[in-house]
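Residue numbers (the working numbering): -13 to 321. Presented below is the structure to which this report refers.
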């Protein structure tokens, strides 16, 4: 099911956004807040418990769009691990149970058709780590340094695109048909530059000067979101949201978790001790690395802004995750 929400004008000066969310039993609610209108969009944004408002104070209207699968089919639309592309149509790809089927729907939620070319052949995709749709072409990131290009709606194989000799490429975004922005995986305590501009014509990669933090890869190694005039970059534990636009990299917003910010010394801890202290104690708040956009709004997911009274380390749905919506141009923030 998809949800369209509009926000109360008295909270955000009549800014409305389209939120498209696959609702599952463990979906995370969000709350909202504003910050001073004269604040710099690139300035520090405080994310703490005092920022929270009730959901009803932020949302004036909610419209649900139900994705309808054909009767007597085994199409799985309840997978919690999925890819969703919003274009002239809605494209949903399930990654549960290694299914990797791709389904298309119109804007009323009516089913159109499905495709599946999972496999190890030259015209197939062995894994699915992101979809891009540009006009009548679909690009599938295999995560293995290759992108498979198909023509819609027939899903005819068009091209296998090599994007570099990387162990794992979790996220890609298109700058032009001949140039991609990608992220690469990083795990462990070392810092590493994880974002690259890949030029297909020259077969060269230009690495951007953004360093990951220790244990960033344990959350999200590097995530990308395309905007109308550029791209946003984020990764686990980052205190900054980066923007790549017109060939230049800048900090779009800095995140301040106040007294619940992670102590830099904690990054020297061993993995298990770090997880126990930073994640399971609920004493710290941080950016998980997710990034998404809708019009002028961008969304991240934060952890630990407020403690969860029902916290159970064996039940992920009780963890204190919050979706945070930020409108940088107007200086508005919604948690």
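Think of the CB as a built atom: it goes at the ideal place given N, C-alpha and C, for glycine as much as any other residue. Source: prediction; values computed, not measured.
Delimiting residues of the alpha helix (DSSP H) encompassing residue i
| i | result |
| --- | --- |
| residue 297 | Looking at the DSSP string, residue 297 is not in any alpha helix (DSSP H), and its letter there is neither H nor E. |
| residue 243 | Per DSSP, residue 243 belongs to no alpha helix (DSSP H) and is neither H nor E. |
| residue 196 | From DSSP, residue 196 is part of no alpha helix (DSSP H); its letter is neither H nor E. |
| residue 260 | 257 to 260 |
Chain C within 8 Å of residue i, Cβ atoms only
| i | result |
| --- | --- |
| residue 292 | Of the protein chains in the structure, only one exists, and it is not chain C. |
Exposure of residue i, with buried meaning 16 or more beta-carbon neighbours within 10 Å
| i | result |
| --- | --- |
| residue 285 | buried |
| residue 256 | exposed |
| residue 0 | With a pLDDT of 34 at residue 0, under the threshold of 50, the modelled position of this residue cannot be trusted, and the question is left open. |
| residue 234 | exposed |
| residue 69 | buried |
| residue 177 | exposed |
| residue 56 | exposed |
| residue 302 | exposed |
| residue 17 | Residue placement at residue 17 is flagged as unreliable, the pLDDT there being 40, under the threshold of 50; the coordinate-derived value follows with that caveat. Classification of residue 17: buried, given that the 10 Å Cβ count is 16 or more. |
Straight-line Cα distance separating residue j from residue i
| i | j | result |
| --- | --- | --- |
| residue 283 | residue 312 | 6 Å |
| residue 161 | residue 112 | 24 Å |
| residue 237 | residue 220 | 11 Å |
| residue 100 | residue 60 | 12 Å |
| residue 259 | residue 267 | 11 Å |
| residue 232 | residue 217 | 10 Å |
| residue 164 | residue 222 | 28 Å |
| residue 102 | residue 297 | 39 Å |
| residue 225 | residue 305 | 20 Å |
| residue 158 | residue 168 | 4 Å |
| residue 215 | residue 184 | 18 Å |
Coil, strand or helix - residue i by DSSP
| i | result |
| --- | --- |
| residue 152 | coil |
| residue 43 | helix |
| residue 59 | coil |
| residue 189 | coil |
| residue 182 | strand |
| residue 54 | strand |
| residue 109 | coil |
| residue 263 | helix |
| residue 170 | coil |
| residue 303 | helix |
Beta bridge counterpart(s) of residue i as assigned by DSSP
| i | result |
| --- | --- |
| residue 68 | 80 |
| residue 217 | 212 and 230 |
| residue 273 | 288 |
Endpoints, the beta strand (DSSP E) within which residue i is located
| i | result |
| --- | --- |
| residue 136 | 132 to 137 |
| residue 31 | 30 to 32 |
| residue 278 | 278 to 280 |
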